[in-house]
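*Asks:*
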Amino acid sequence: MINLEQIKDAHKNITPYVNYTPLLHSNYLSKNSNVYLKLESLQITGSFKLRGAINKLLSLNNDQKKKGVIAVSTGNHGKGVAYASKQLGIQSTIFMSNMVPNHRRKA
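Under the UniProt record's numbering, the residue at position 100 of the sequence shown is numbered 100, and the numbers go up by one with no gaps.
Written out as structure tokens, the structure is:
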């Protein structure tokens with residue numbers, strides 16, 4: 001189970017590598033309760049997946065970093081791992097199915 005300290009540590013660690021994204025109240029969705037939207041589409045890679053990727057890569061020890069990382073993705077996770085590994089100087093290989101549309105593979 002993840003605890004509050006781990007969340008705070010992850011936030012501190014990833015902050016230099018990710019964009020701040022706004023949290024907006026949605027009047028339309030807030031009929032029976034308050035609904036807020038976290039605009040992760042404004043993230044560097046276009047999704048929240050970068051946050052997990054950079055946090056995981058930052059946790060690797062030097063031997064693990066030297067070996068590099070491999071990811072299998074249909075899009076956003078792969079983009080997050082590719083961007084994070086480039087920022088940290090870690091070799092990465094991203095595998096995508098040939099069934100993934102070209103526009104997603106090229107992104």
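All residues carry an ideal CB built from backbone N, CA and C; glycine is no exception.
Under the three-state reduction of DSSP, which class applies to valine 81: helix, strand or coil?
*Replies:* As a first step, residue 81 is located in the sequence shown; it is residue number 81 there, counting from the start. Three-state DSSP puts valine 81 in a helix.
*Asks:* Work out the CA separation of glutamine 64 and arginine 105 for me, nearest whole Å.
*Replies:* Sequence index remark: in the sequence shown, residue 105 carries index 105 (1-based). Sequence index remark: in the sequence shown, residue 64 carries index 64 (1-based). Straight-line Cα distance between these residues: approximately 27 Å.
*Asks:* My understanding is that glycine 78 touches methionine 96, with C-beta atoms under 8 Å, so please give their C-beta distance in whole angstroms.
*Replies:* Counting from one through the sequence shown, the residue named residue 78 turns up at place 78. Counting from one through the sequence shown, the residue named residue 96 turns up at place 96. 6 Å between Cβ atoms; contact.
*Asks:* Helix, strand or coil: which one does DSSP assign to valine 41?
*Replies:* As a working mapping, residue 41 is identified with position 41 in the sequence shown. A small correction: the amino acid at residue 41 is serine; valine does not occupy that position in the sequence shown. Residue state, collapsed to three classes: helix.
*Asks:* Just the Cα atoms here: how many angstroms apart are threonine 45 and lysine 86?
*Replies:* As a first step, residue 45 must be located in the sequence shown, where it is residue number 45. As a first step, residue 86 must be located in the sequence shown, where it is residue number 86. Threonine 45 and lysine 86: Cα-Cα distance of roughly 13 Å.
*Asks:* Cutting at 6 Å between CB atoms, please list the residues of its own chain near alanine 84, excluding the five before and the five after it.
*Replies:* By one-based count along the sequence shown, residue 84 stands at place 84. Once the five neighbours on either side are set aside, the close Cβ partners of alanine 84 are Ala53, Ile54 and Leu57.
*Asks:* Just curious, the alpha helix (DSSP H) that isoleucine 54 is in, first and last residue?
*Replies:* Sequence index remark: in the sequence shown, residue 54 carries index 54 (1-based). Its alpha helix (DSSP H) spans residues 49-58.
*Asks:* Determine the DSSP secondary structure at threonine 15, reduced to helix, strand or coil.
*Replies:* Counted from its first residue, the sequence shown places residue 15 at position 15. Looking at threonine 15 - three-state DSSP - the assignment turns out to be helix.
*Asks:* Taking the beta strand (DSSP E) that isoleucine 70 belongs to, which residues open and close that run?
*Replies:* Indexing the sequence shown from 1 puts residue 70 at position 70. Residues 69-72.
*Asks:* For serine 26 and lysine 38, I'd like the C-alpha separation in whole angstroms.
*Replies:* Working through the sequence shown from its first residue, we reach residue 26 at position 26. Working through the sequence shown from its first residue, we reach residue 38 at position 38. Cα to Cα, serine 26 sits roughly 10 Å from lysine 38.
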